Structures are given as C-alpha cells and as structure tokens.
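Just so you know, the sequences run in chain order B, F, G and U. Quick note, the first sequence lines up with residues 1 to 363 if you use our numbering. Quick note, the second sequence lines up with residues 364 to 726 if you use our numbering. Quick note, the third sequence lines up with residues 727 to 1089 if you use our numbering. Quick note, the fourth sequence lines up with residues 1090 to 1452 if you use our numbering. For each residue, glycine too, the CB sits at the ideal point set by N, CA and C. Quick caveat, the model's predicted, so the values are computed rather than measured.
4 protein chains.
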Amino acid sequence: MSSWGEGVKISIFGESHGPAIGVVIDGLPAGQKIDMQGVYLQMSRRAPGKDRAATPRLEKDIPKVLSGMLDDTTTGAPLCAVIENTNTRSGDYKNIMSVPRPAHADYTAFLRYNGFSDIRGGGHFSGRLTAPLVFAGAVCRQILEKKGIKIAAHISSVGDIEDSRFDPCSIDDELIERLSSSTFGLIDQKTEEPMRALIEDCRQNGDSIGGTIECAVKGMPGGIGSPMFYGIENVISSIVFGIPAVKGIEFGAGFDAAKMRGSQNNDEFYYDGDRVKTKTNNHGGILGGISSGMPIIFRAAIKPTPSISMEQNSVDLSEKKQAVLDIHGRHDPCIVVRAVPVIEAAAAIAVINLISEARCHES
Amino acid sequence: MSSWGEGVKISIFGESHGPAIGVVIDGLPAGQKIDMQGVYLQMSRRAPGKDRAATPRLEKDIPKVLSGMLDDTTTGAPLCAVIENTNTRSGDYKNIMSVPRPAHADYTAFLRYNGFSDIRGGGHFSGRLTAPLVFAGAVCRQILEKKGIKIAAHISSVGDIEDSRFDPCSIDDELIERLSSSTFGLIDQKTEEPMRALIEDCRQNGDSIGGTIECAVKGMPGGIGSPMFYGIENVISSIVFGIPAVKGIEFGAGFDAAKMRGSQNNDEFYYDGDRVKTKTNNHGGILGGISSGMPIIFRAAIKPTPSISMEQNSVDLSEKKQAVLDIHGRHDPCIVVRAVPVIEAAAAIAVINLISEARCHES
Amino acid sequence: MSSWGEGVKISIFGESHGPAIGVVIDGLPAGQKIDMQGVYLQMSRRAPGKDRAATPRLEKDIPKVLSGMLDDTTTGAPLCAVIENTNTRSGDYKNIMSVPRPAHADYTAFLRYNGFSDIRGGGHFSGRLTAPLVFAGAVCRQILEKKGIKIAAHISSVGDIEDSRFDPCSIDDELIERLSSSTFGLIDQKTEEPMRALIEDCRQNGDSIGGTIECAVKGMPGGIGSPMFYGIENVISSIVFGIPAVKGIEFGAGFDAAKMRGSQNNDEFYYDGDRVKTKTNNHGGILGGISSGMPIIFRAAIKPTPSISMEQNSVDLSEKKQAVLDIHGRHDPCIVVRAVPVIEAAAAIAVINLISEARCHES
Amino acid sequence: MSSWGEGVKISIFGESHGPAIGVVIDGLPAGQKIDMQGVYLQMSRRAPGKDRAATPRLEKDIPKVLSGMLDDTTTGAPLCAVIENTNTRSGDYKNIMSVPRPAHADYTAFLRYNGFSDIRGGGHFSGRLTAPLVFAGAVCRQILEKKGIKIAAHISSVGDIEDSRFDPCSIDDELIERLSSSTFGLIDQKTEEPMRALIEDCRQNGDSIGGTIECAVKGMPGGIGSPMFYGIENVISSIVFGIPAVKGIEFGAGFDAAKMRGSQNNDEFYYDGDRVKTKTNNHGGILGGISSGMPIIFRAAIKPTPSISMEQNSVDLSEKKQAVLDIHGRHDPCIVVRAVPVIEAAAAIAVINLISEARCHES
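This is the structure:
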C-alpha cells in the first residue's frame, strides 16, 4: 500500500508517465504557516537536473496544492498536492514491456498486478514517486522545526569513498543548515571531488554505483516512541524502505555494534547540568525503541541505480525465452545524491508520527 | 505499541516480573491443526538454559492456551497463550531502580512512562517478552509450512567470527530442517568452537558480545508485497525492530550493495524450465517491495547484551548525580544465540501478514 | 480522519471552495475494466441540479483520473481522481465566518481547527465532499457486480411520508436496476408526488426536511465479516457516519427489533434446495457481525438540511454576543434525495473491504 | 477482528466454554491509579445473577491482571486481564452443534470458520465476551473521570415500555452517579415495575424481549473528533456494534430528526456566560463528527435474546434437512438489563480513543 502513518497519514499516488503524481497528507495540525519557498527548495534538491551528477531529465515539479491550505496555512483538512507529469518520453522504455529490467520492479510488478501495471518509466515504482514524499516531508519538517527538531542527511558513501560521519553526540546547527539546502550534501567537502569522479566514471561506462546516506535528527525530545512495534526504529524503517533502492538500515552503531563487546557499545550516562546525556551514542538516540534525547542517527544503504546502459541478460516474458536488454534512457549513475532529501523527508514524516503517537499516551 | 499486523494481528503483553506474559493472535485461519510439540520445540530453542552459551536462569515457559484452539486446532477466535512467570529473583535488580543501566531501556522507559513502568527485570522491555513472539511465530510457521514456505536462520556472526552465509539462490531443505531445531544454529559447524570460545571469554570477563543473524524464507511465492509502504522490507523490518537489541537490518546484498556497481549488483533473469529465476540474488528475493520467487534473505545486527558484570558509570536519577553501577544478575553474554528463533518467529509472522495482504488485492 | 479502510483504503481530500476535491483509492485489484460512463452516471445522480427537488447549483463534476488507470482498466497503483471546483459563489456565505450556522459543523470546526479551517461553503465538511465518495463507490460497485453483488437504495421516507420497504428476503433484480440509475429512487412510485409536494412546501417556506434511506446488498456471500469489531454492522456504520447529516443507522429490523419478542424476531432457518435461508430477515442478513447469505438491509436517518433561509438565532464568535443569522445561499430543501447514491457508494466501499478482509483469514 | 482502536487498542479473546476470556489494553497512559473496587463494581453490574431479571448462571468474573499494573497503577505496558471460565455446563448446548439457533451466530460462524469454531455456549460470540469489554471500559472510565468526563446509560425501553429520556442539554451529576452503579438503571424509577413485569412474562412464556439503551457522555470537551471517518458517530458505532444483539444506533434526535423540518431540528447557539451552548440538543453533542461541548447522547437498539425456550424451526446442517430446536439452557429473557454497563464501557473506550486522536493533531 502507498498509504502510511497513524497520527499523520500520507497517501501517495501516481505513475511515472500518467497525468500526475501527488500526495494526500491527512491529520496535520491546523494553523501551521508553511513557507512554500522552503518546500520548493526541498523539492528542487530531489529534482533531476539540479546537480550535474544527476540525470539530465528536466522536471518542473511545481506542486499544486488542491486542498488543506489557505494563505499558505494549514486548514486541518487533508492537504493534497499534485505534480503534473510533463517531460516524459515513453519511447525510451518501449522494449521493457515484456523484458523485465534486472534489479527493477518490472518483473515483480508483472506478477503482483497480473500484467496490468503501467510499467512505462517504472509506473508507480518509479523514483519519481519520491517527489510527493519530499513535498510531504518538507511540510512536516517545517512543523518540526518550530518545535526545535531539525533533520539533516548527507551522502555518507558512494562506492568505497566515504564521507566523514556525524559527530553522533553533538551536531552542529550550521552543518544542519548547510546540508539541508545542499544538492550534493557532504560533511567533509574534500570528499566531493573523488565522489564525483567515481560517479562520472560510472556514467562514462554506462554503469552505476551505490552508496549510503546518514541522517540525523537533532532536538528529538526524550521519551518518544513505544516499545516493541512502535519504536523509533520500527517506524523509521517502515517508511524508509518505501524509498526505492533502499536495501538496508542501521541505527547508531548498527552493524558495527554487532562486532563490539558490551563494555565498548554501552553508552555511559552522565549529567550535563541537569540534563542526562550519554558520552558516546552507539545507541543512535534510541533505547528500547524510545528516544533518549541524544541525536537520532541512522544510515540507509542504497543499491546502485538498476538502469544501466550496458547490455544485460534478461528474459522475454511474452515469448518465454532468454533475451538481451539494451536500455538507452537517461539515467542517474548514482541515485544516492538525489535520495538524500528523500531520506530526510521520510525521517520528518516518521518523526511527526512518533511525536503525535506519544501525545496519545499522555494522561 | 505492542500490537502489530493487519491480516493477522498480534498483541503482546506482560512484564518480566509480573504474574505472566503472553500474546493474542487475532485473525488466524480456522481449522489449522497445530503440532503443539513443534511449538514447544521452538519455544525451548529460545528459552534460557537450553544451550550452555546462554543464561542459567531456568524458565519452564510452557504456554497455556486460553482461547482460539480446540483439540490443537484453531477455531478462528483470537488465540491467546499465557506463560506464567515463576523463577524470578527481583533482588538482583534492586539498585537499578534509580540508576539506569547503560544501553538498556531503563532510562527511556523512565521518561516515557513518567517513572511508573515496572522496571524489575526490564519489565515490558525484557528479552523475556520474546517468548510469546516465538509462540506466535511457531504457530504461523506451521501454517506457512503447509503452503510450502519454510523459514530458517543462523548465527551469521559473533563479534568478528563469521559463519558461512546461505547460498542465496538455493537453500537446502536439510539445512533448513537442521537449523529449525538447533539451539546454536550454524551453517558451517566448524565455526561453533571459536564462537563458543569467544562467548566464554566474554562471560569470564563479565562482558558480552554482539553478532548478526541471517534469515531465509524459502518457497515464498512471487508477487507478494505491495509497493512503497507495504513492501516486504517495510513489513519485516517493522516487526524485527520489535526484538530487543536489533540495531540494523539488510536485505539481499544490503550494505554491500551500496559499494557495488549496477553491473555487479543487478541480478540477471533466466528461465529455469518455465520458471523465471535470477542467477544471483543480491536483491534478496525482493524488488520494489515485492517477492520475485527467489529466497527472501535478510540479516539483522544484534548489539551486545547491555547487562554486563563490569562496573559502569551511570547517573542516579533520584539524587541527580553521577553513580557507578555494578550488576550481579545472571546474564547471557551473547543473546545472539537465543535470538535466532526469535528472528525466525518475527519473519513467520511478517510473511503470514504479507500473504494475507496479497489476498486482499486479488480480484 | 478522511481516510478509511483496510483492504481497500480511500483517502478523501478537498474543500468546497478550494481548487479541487478528490479521492485516492489504494488497494484495488489490478486488471479491472471500469465502465467510466457507469461511474459518471452514479456521480450525476448525486450532482446538484439533476433532479428538480435539488439545489440549482450546477456542477460539472467530471472527475479526472490522475493515476491508477490505463485504458479504463485498473493498474493496481493507487487510483486518484480529482474534480475541479468551478461554479462557486463564496459571497453567499460571507457572514457565516464568525456566526456559526445552527446544525452545521461551522462551530465545531472552529473549535477543532482553532479557527483555521476553510469554512467557505462548509470547507471539508461540505456535502460536496461526497462526490469523490460516490466516485470511489462507483468503481468498487462495478468490481462487486462482477462477483454477483448488487447494491441499491431508495428514499424510504421524507418527513412522515414513507415509501414501501424492500422485501428483505428477496429483492428483485429489475428493482435494483431501476433504483441504481434513478435520481429520485422509490420502490412505490406513487409516493413520489406527495414527497415532492412536501419538499416543495419546505422550499417555499425557506425550510428543509429530513428523511431516511434504505439500502440493500444482494448477492452477499455467507460467512463474510468478523466477530466483534469487524462485523458488517461495524464496518458499514463506520463509513456511513462519514456522510454528512446521517444521525442514525439500523440493520434488519433495527429499532423495531427492540420492541419485539424473541419468538417474533428470530428468523427461522430452512432449506431452499441445498441453500440455507431464513423465512424472515429481521437480522438484515447479519448474525454475529457475519453475513448469512440473506440480503443485507440497513436504513440511515438523514437530518434535515441545516441550511435554511429562515432567520435563526446564533452567536457571533468574534464579538462574543448573540447574533441573528439570515442565509441567502442556494440550498437543497431535502438532501435525502441526493444522498441515496452516496449511501450506495459507502455500502459498496464497505462491502469490498469486508470481502477483502474475509480473504485474509482463508487458509 | 476482536481488536479495536488506535490510541488505545483493545484486543479481546476467549470463548464461552474455553479456559478463560480476557482483554489486552495497549496504549493506556502510565501512572493512572485505578480503583479496582470500582472496576469490580462495573463488572458485577454486567455479571449474570446480579439482578433478578437476569439469568441465574453464576459467574465470579473476578479478573486477574497479568500485566500493565503495579500497585493498582498503570505501568504503561499493555494491561492484560483474564477471567477464568468456571461455572459452565456445556451439556445444555449439545444439540446445537449441527442445528443452528435462529438469530444466533451459530450458522454464520459455521460458514465463517468452516465448522471449526468452538460453538459451545456461543464460543467467541457469547455475550460473556462482554465481560472483558466492561473491564476495559471501567479502567478507561476512571481515567476519563479525572478529566471531568462522565458516562451513564439507562434502559430507555423494554418492548413498548419506555423510560424517560435524559434531558439532553443538562444531565444531573446525581443521576449519573446513581445510574453508574445500578443493575436495573432507569431515569424514572416508576418504570421499573411494569418493565420487570413484562420481562417476567416473557420468562414465564419461554420467550424474550428487546429494548433500547440510552447513553450520555457529560463533560466532553468541544472540538474532539475528526471529519468524515473519525467522527464521534463513526467511532462510537464501530465499537458499539461489537456488542452482541445491537442492531441500531442513533445520535441526538436520530431517527426522529429524519421526520423533522430544519427549523425544528436546528439547535440554536447562545452564550451561557462565555460558553457557547445550544438551546436544544438534537445534534446529540456532535456536528460534523466533532463534539460541540454539549452532552453526547446516543441510543442503541438491542434485539430480544435469541435463546428462547420455545420450540423453533431450524435446519440440521449435517443431515441437510429441516429440524426442530428445543433449547433448555438458562437464558436472560432480556439482555438489555445487563447490556447497560456494556454500552457505557464501549462509550468509555470510544471516548478515550477520540480524545487521544484529538491530541495527535495538536500543533
């Protein structure tokens, strides 16, 4: 299902080459003034063609708000925003109708929908469907910022090239600000050149490359999240895996914690004035599913763009035989770059839901 | 919330030192004959004291079915099973009431429940609460087995010591059978000795160690799962993060995919007779959130047991000052071992939900 | 929330005087050919100005499908349809901004949304929001018809004037067909004249009148619905009360059953060939929340249109004093007439969910 | 499904003649001191044998709390309470195994569960399953009372004999108190004698009788509830229809409103000091699904007890032929009496959910 959430529900619709895509956000508080320029900024970070490492396909991606806002202020009614599909060239994808692209959802969509899904451009599975997610996240994010909760992500790696990581115990406001408006977000900007070189090399070879994105939520109050199945990890992962190409997620020390001893991994508590903090943050701000007040830190693994220009072996589903696939569309050699604001958006939507869930259980 | 699921809902209750723990499973099909010995076997794999690497605390953990079964056959009514708490020594935990244990949920539970949670033995956050999860999973698992869907997991690593991985394209039935009844499940049994030695070393030092668990679902039909937020990764991760100490999850090649080029990561399709398969399985049986018919493979990162016997720095929440914590309970130096059947159980519950969700959308 | 459903979720958005209204339907089976003319027919039954008893406001109400359909066939992706708002004259409602209209949601919306809701024309509370509901219902209805499930409703009363009731044990296919395309649906067409006279009298007097609608679902298979909270009554009522002005619902004999003895109310079972039927249908096709195979019958009570042209006492919320309200908009004197297809639509959406839920629990 | 709710979820389990019945309540605020005697009082109002008009079957119905409470104070963990089944005589129901009782769920459960449901005593469909609902309601009610929200219901009619109705605009605290502890709750106590006489007459004749229950929620703050599908009517009806034998519900003037003109039905607003009130309360405290601050008023129609001692025609499902049913169990001739506290309980659970949902949407 393309619907998600409890306190604030989002329902995403659209197909890559249909008339439009969009989102309904139900359950937002009324009276929230939204800076629409800030929303467009987030959307432009995701939009193709904004960064030179990305696909040259141009999208205007200017969302039209159909309901839920008056004078840029939420009315409390479901907020629906629609983005028209304009610059589409469906010819590029013609031969994939019966020959599924490796690592794409073509084949599984074929099974799931008995051959009826609109597979042009990936249909509902297209990365383009993350545009309404970014819209929803940008709105939620502004509401969170008024509560002092800030979210930022960066490209933590592309292939083997790694950026520095967030200082998990103390994240600089200036860094957050810089990352929040960047189209190639890095902590250590010296990493940019080798990363771009690697991406360019992949493009030249008709290949693509994967990477990871690290995301931080600063200012999360302690005591948010519920044990077991409504913990912060459950909620964040259940939305983050809705982003195409995400194949893994880890919180705090994550998979590294699996190699540690307890004496290394356990984060000591201490008093900083009258606030309880931890000296290290291997727990990523989450214990028992609940926030500790330390920054929430998670990393997502993004697989390489499935669409590559190299010849690939596949099958022809109509003729039931082997086939060779040769795709000549316009593809991002590294979707990690554009996925950064999408991860932030997903985090924002998750956090607003976690906070609204926490309110439910107040006396 | 300790409730999860749509087609089959589970609702877990209980606290470590309260009268009992248990689970309600709502929405099971009626008329399913359940082999209760098989259920007990699964529960005994998780129970402490079964394997010499685990805590010596003895639990009988014999669940009493209060409803939903007649002659070991599901009636369709909610199935409730209760496990009494008997062998508890709450004295062991006395000094943690105001001094939260590092890496435990003590502090966050304190925030979340305003100091009212029953923290004896971890309360509702105790690993003991995975017993009813294993019960629920064992029931679901038997229902899945009748459909030819089999689930098995193994200790894929403890600290730096790694077991072999599943052959992601073809998992042996005998291996599944062996793992499904093992209390120290490994693919390559030569790994057992060094792993046990490492765990023993941790125990001797009052320390603990983390690890990873790899789980496979064989026989999953293609076309199961829905795009975006009800994909297989979303559903599995949203329940798996309900297991205490899980800090990461990856599907297929997971974080390794983030280092690959598309040409390496893309799994080629081919016809094996009239069945479409992939030559490699970096996609872990999932594309666009939907099953491809290849085995579902995922790995979870388990942090080291937070309870260690070494002295640790913490804070005293009542006196608002620093404190030193010295715990003398009985603890597993490596909960990875006992978490294996829990991961399998969570996978079984996730899969039965995914399959029931798929049925909803049939015409 | 304006989202509803589990197997098939609908999410309705829009405000009366905003740019557009619409619906996202998530979870429909793929490959369903939809007769769009049939959908428009249902929408036109609800549209104002279609029947002379209704408001003269003209709406084109031609929905634009943004996603989820290709060649009038469902693709499986969320189906989004949008209806633009065109013929609106917001001047009519100007003085209600601070003076809430009696029996409208103006005042409660003011409380709920802290004064931020778009109250022009009722905003999200407007009866106009039932247009996307009818769209969704019309799509679901066609899918149900392929399974032999048919739905029809009629004006069972306006004020004290009553139409005949359905024969609860056997509903004629021709009657269903006639009602399904009628704009003033009655079983006994002799009732039409006095009803219209009563409505016209109300209009002349600047007043309005309430009524009831009876709805039948024919061909519902037995065994659908779940005990307690997912019974047919729960599911139907939870959506039907989403229709503005509905203040009551009863199933089968309903409130009349409350006056009966068991010996009168109990419906005897008998064999009609090898089918089990009941001689009477006081149970309205539902026992224990589950369908018996007899027709589902329910009636909804619709209050009189709150908007009347007579002077009414109210309060001025900005000046905090008494006020007199004198509304000069265009209003239906009897919304019961146009609510008939809306009730049918809600029933169709409820039934498709009940059927999809039933599938979840199959073995 | 026997699970219900969002902010506070309840999951009811058990079968009439199984080992036990009970409920899990997930999501309650922590730190709520519960007066357990008050809870037992509510349960005893529902228990059989308490009022002479009810069935002589004795149940101790003393719930055992398995989790979620410490020193009668909620811990925040799921609260599970179990009631053992003791005084059961399953012989009484032997012949119903293949001969479904008219107006009972025997036949529909047979269809729904393919013959596997535990039908002894009605199994999961038994009225006995309302005991855990009353438990859950009694806990929620005490939490609401601390917020000044009070709930009371009375027998508004038995057959044709009607009690007075609540003054919908102003409900006396003393009346609420009296009703809240009554086992034969009436506003006008002069109605008691004729009602008891009618019930006794039914008992003598081996027959039964239906009735209605009116329920009021006093002190409900304005602005609670969400438009469309999470309105107060939707939420209350979706749980109230979970109570066996309820066949109708109406809010405020309900079905009477359907006979009124707008000029009669519209409730005028006025200022009472600085509080906005309405002069009449035909809207039952709800406009557009949202509370107005006036008392919430609803009425439920309860069908006559299906179990009667008179001979009834039915079918034999195993032999596939007509059959005559002659039941000699112990039955309530009028379950309306014992359903009063059940309706109150359902209202309490609904209201606590509505209030927790409202908190979600605060900024």
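Query: Segments assigned beta strand (DSSP E), at least 3 residues, entirely inside the stretch 270-357 of chain B; Result: 275-278, 296-302, 312-316, 321-325
Query: Residue interval of the alpha helix (DSSP H) (run including T856 of chain G); Result: 856-871
Query: DSSP three-state assignment for F578 of chain F, whether helix, strand or coil; Result: Before going on, a small fix: residue 578 of chain F reads as Cys here, not Phe. Three-state result, C578 of chain F: strand.
Query: 9 Å Cβ cut-off: residues of chain G touching V394 of chain F; Result: For clarity, residue 394 of chain F is Gly in the given sequence; the question names Val instead. S1089, listed in chain order.
Query: Closer than 9 Å to chain G by CB, S1105 of chain U; Result: no
Query: Residue closest to K1236 of chain U, alpha-carbon to alpha-carbon, out of U:C1449, U:E1446, U:I1441, U:E1451; Result: U:I1441
Query: E250 of chain B: contacting residues in chain F (beta-carbon distance under 7 Å); Result: K610, G611, A664
Query: Extent of the continuous beta strand (DSSP E) to which S374 of chain F belongs; Result: 372-377
Query: Option nearest E888 of chain G by Cα separation, candidates G:A835, G:S824, G:S1017, G:E918; Result: G:E918
Query: Residues within the stretch 921-936 of chain G neighbouring chain U, beta-carbon criterion of under 7 Å; Result: C928, D933, S934, I935, G936
Query: Cutoff 9 Å: K279 of chain B Cβ touching any chain F Cβ; Result: yes
Query: Contact test: W4 of chain B Cβ vs the ligand SAH heavy atom, cutoff 8 Å; Result: Among the components of this structure there are no ligands whatsoever, and the ligand SAH is therefore not found.
Query: Interface partners of V1113 of chain U on chain F, CB under 7 Å; Result: S374, F376, V387
Query: Chain F contacts from the stretch 1055-1086 of chain G (Cβ-Cβ distance under 7 Å); Result: S1082, R1085, C1086
Query: D26 of chain B (DSSP reduced to helix, strand or coil); Result: strand
Query: Secondary structure of C895 of chain G, DSSP reduced to three states; Result: coil
Query: Distance between A983 of chain G and Q990 of chain G (C-alpha atoms, nearest Å); Result: 9 Å
Query: Rounded C-alpha distance that separates R1230 of chain U from D1124 of chain U; Result: 11 Å
Query: Residue-chain proximity (L1147 of chain U, chain B), Cβ-Cβ < 9 Å; Result: For L1147 of chain U, the predicted structure reports a pLDDT of 48, less than 50, and the residue's modelled location is therefore unreliable. A value from the coordinates is still provided. No, because no Cβ of chain B sits closer than 9 Å to the Cβ of L1147 of chain U.
Query: Chain U residues whose Cβ lies nearer than 8 Å to that of A862 of chain G; Result: Going along chain U, no residue has its Cβ under 8 Å from A862 of chain G, so there is no contact; the nearest lies around 12 Å.
Query: DSSP-derived helix/strand/coil call for V235 of chain B; Result: helix
Query: Opposing strand residues paired with T799 of chain G [DSSP bridges]; Result: G:K759, G:L796
Query: Proximity test, Cβ basis, 9 Å: P1152 of chain U and chain F; Result: no
Query: Cβ-Cβ distance between S1407 of chain U and I1321 of chain U below 9 Å; Result: no
Query: Beta bridge counterpart(s) of C360 of chain B as assigned by DSSP; Result: Looking at the DSSP assignment, C360 of chain B forms no beta bridge with any residue, so it has no partner.
Query: Proximal residues of chain B, C-beta to C-beta of Y634 of chain F below 8 Å; Result: V315, K320, K321, Q322
Query: Reduced DSSP secondary structure (H/G/I, E/B, other) of F614 of chain F; Result: strand
Query: Proximity test, Cβ basis, 9 Å: V8 of chain B and chain U; Result: yes
Query: Beta-carbon proximity list for S527 of chain F, same chain, < 7 Å, skipping 5 on both sides; Result: I550, D551
Query: Among U:K1122, U:L1218, U:P1191, nearest to A440 of chain F - alpha-carbon criterion; Result: U:L1218
Query: Residue range of the beta strand (DSSP E) that includes I199 of chain B; Result: First-last for I199 of chain B: 192-204, but that is the alpha helix (DSSP H), not the beta strand (DSSP E).
Query: Neighbour flag for G1165 of chain U against chain B, beta carbons, 9 Å; Result: yes
Query: Residues of the stretch 212-246 of chain B with Cβ closer than 9 Å to any Cβ of chain G, in chain order; Result: none
Query: Residue nearest to A857 of chain G in terms of C-alpha spacing, selected from G:S934, G:G1015, G:F739; Result: G:F739
Query: Beta-ladder partner(s) of H880 of chain G, from DSSP; Result: G:E940
Query: Residue span of the alpha helix (DSSP H) that contains L549 of chain F, given as start and end; Result: Taken as a continuous stretch (DSSP letters only), L549 of chain F belongs to no alpha helix (DSSP H), as it is neither H nor E.
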